[in-house]
Amino acid sequence: MDGANHSVVSEFVFLGVTNSWKIQLILSVFSSIFYVASMMTNSLLILTVISDSHLHSPMYFLLANLSFIDLGVSSVLSPKMIYDLFRKRKVISFGGCIVQIFFLHVIGGVEMVLLISMAFDRYVAICKPLHYFTIMNPKMCMSLSVAAWIIGLIHSTVQLVFVIKLPFCGPNVLDTFYCDLPQLIKLACTDNYKLEFIVTANSGFISLGSFFILIISYIFILITVWKHSSSGSSKALSTLSSHIMVMILFFGPCIFVYTWPHPTSHVEKFLAVFDAVLTPFLNPVIYTFRNKEMKMAMKRVCSQLIVYRRIS
């Protein structure tokens, strides 16, 4: 029989982050501040890269794409979480849950490919500097960006094709504050060990595999950098450290949630809040903190915006 005929669950109930009103109040203030800060910093970074001709290079093009993705991460998870903190009964419709999962995994897939693309960009810049602009030409940059979105869409769609057909006829309580595949599959009325394995393989093993590939790549690049003692190498090392920090921020929670055999809900919730609220804010901060060129460009853009506002 068609699974859709069995589906009687029209909405899912979130247990939320915590039952403590004081913690919810603190978390709502904390999340709201960082959500606004994340939207502002990522928007400023994108605007700076677009408007400043000094930043029209492959590295900053990929960085602007990453900031665009971080805007998506913030928008998919944070507003709903902040809104639900003030509600006694936290619910989401079945369709809303599916949409949230879809965009969550599209964004995750795109960000994974972008981080790999950024590692490739740094490899070419450091290991093949004479051929950098030949290899990382505008066509290559656009191809990497398009490939990231295609892979993200495929990654998300393949999983949802299986999940959307599952029968949900009873339990509808999720011990979390957002919809994701591992928790949703457990509420289905049928035995889904195979599907759980597919989800783990698709999200967990891919995350773990990509993480180790990136680690090996950065180790290789770092060895190349350390062989050259110069100011240029020092700058490259500073840039690489930013890339590595952002990579750990992204892959850390993913690997734990999708590959840890017996994760606790408290740890999962903490990582999810961190991933939804802090990571999108920290990414642009990390990339600009040690980057003098980016900081100068942002100051110029901010000055122009202030002047424009006074004139208008």
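Heads up: the sequence shown begins at 0 in numbering that gives the first Met the number 0, then just goes up one per residue. A virtual CB, placed ideally from N, CA and C, is assigned to each residue, including glycine. These numbers come from a predicted model, not from an experiment.
Residue i in three-state terms, based on DSSP
| i | result |
| --- | --- |
| Val75 | helix |
| Phe11 | strand |
| Val16 | coil |
| Leu173 | strand |
| Ser56 | coil |
| Lys87 | coil |
Inter-residue spacing [alpha-carbon to alpha-carbon] between residue i and residue j
| i | j | result |
| --- | --- | --- |
| Ala235 | Met297 | 21 Å |
| Phe210 | Arg308 | 44 Å |
| Pro181 | Val300 | 43 Å |
| Gly376 | Val109 | Here the chain covers residues 0 to 311 and nothing more, so residue 376 does not appear. |
| Ile214 | Thr238 | 15 Å |
| Gly15 | Lys87 | 10 Å |
| Ser206 | Ile197 | 13 Å |
| Ala3 | Arg289 | Confidence at Ala3 is low in this model, with a pLDDT of 43, below 50, so its placement is unreliable and no value can be given for it. |
| Phe167 | Gly94 | 13 Å |
| Ser6 | Cys188 | Low per-residue confidence applies at Ser6: pLDDT is 49, beneath 50, and the placement is therefore not dependable, though the value from the model is reported in the following sentence. Approximately 9 Å, taken between the alpha carbons. |
| Ser240 | Ile220 | 11 Å |
| Leu143 | Ile310 | 40 Å |
| Val172 | Phe29 | 26 Å |
| Ala200 | Ile150 | 15 Å |
| Ser202 | Val72 | 17 Å |
| Thr40 | Lys294 | 12 Å |
| Leu277 | Phe67 | 15 Å |
| Met135 | Leu281 | 26 Å |
| Tyr192 | Ile184 | 9 Å |
| Lys79 | Ala275 | 11 Å |
| Pro252 | Ile106 | 15 Å |
Beta-carbon separation (whole angstroms), residue i vs residue j, contact threshold 8 Å
| i | j | result |
| --- | --- | --- |
| Ser27 | Leu84 | 4 Å |
| Cys96 | Phe11 | 5 Å |
| Phe101 | Ser19 | Rounded, the Cβ-Cβ distance is 32 Å, inconsistent with contact. |
| Tyr131 | Ser216 | 16 Å between Cβ atoms; not a contact. |
| Tyr177 | Gln99 | 6 Å |
| Ala63 | Val48 | 4 Å |
| Ile91 | Phe161 | Their Cβ separation, rounded to whole angstroms, is 20 Å, which puts Ile91 and Phe161 out of contact at 8 Å. |
| Asp120 | Leu61 | 6 Å |
Local Cβ density within 10 Å of residue i, reported as buried at 16 or more and exposed below that
| i | result |
| --- | --- |
| Met111 | buried |
| Asp179 | buried |
| Val224 | buried |
| His104 | buried |
| Tyr286 | buried |
| His265 | exposed |
| Leu113 | buried |
| Thr133 | exposed |
| Val306 | exposed |
| Ser9 | exposed |
| His53 | exposed |
| Gly169 | exposed |
| Phe204 | exposed |
| Ser116 | buried |
| Tyr59 | buried |
| His55 | exposed |
| Pro279 | buried |
| Phe33 | buried |
Residue i: CB within 6 Å of a non-hydrogen atom of the ligand ATP
| i | result |
| --- | --- |
| Cys178 | Absence of the ligand ATP from the depicted structure is noted, as is the absence of any ligand whatsoever, leaving it without description. |
*Which ranges does the alpha helix (DSSP H) cover as unbroken runs of at least 4 residues, wholly within the stretch 198-263, from first to last along the chain?*
Segments of the alpha helix (DSSP H) lying fully in the stretch 198-263: 205-225, 230-258.
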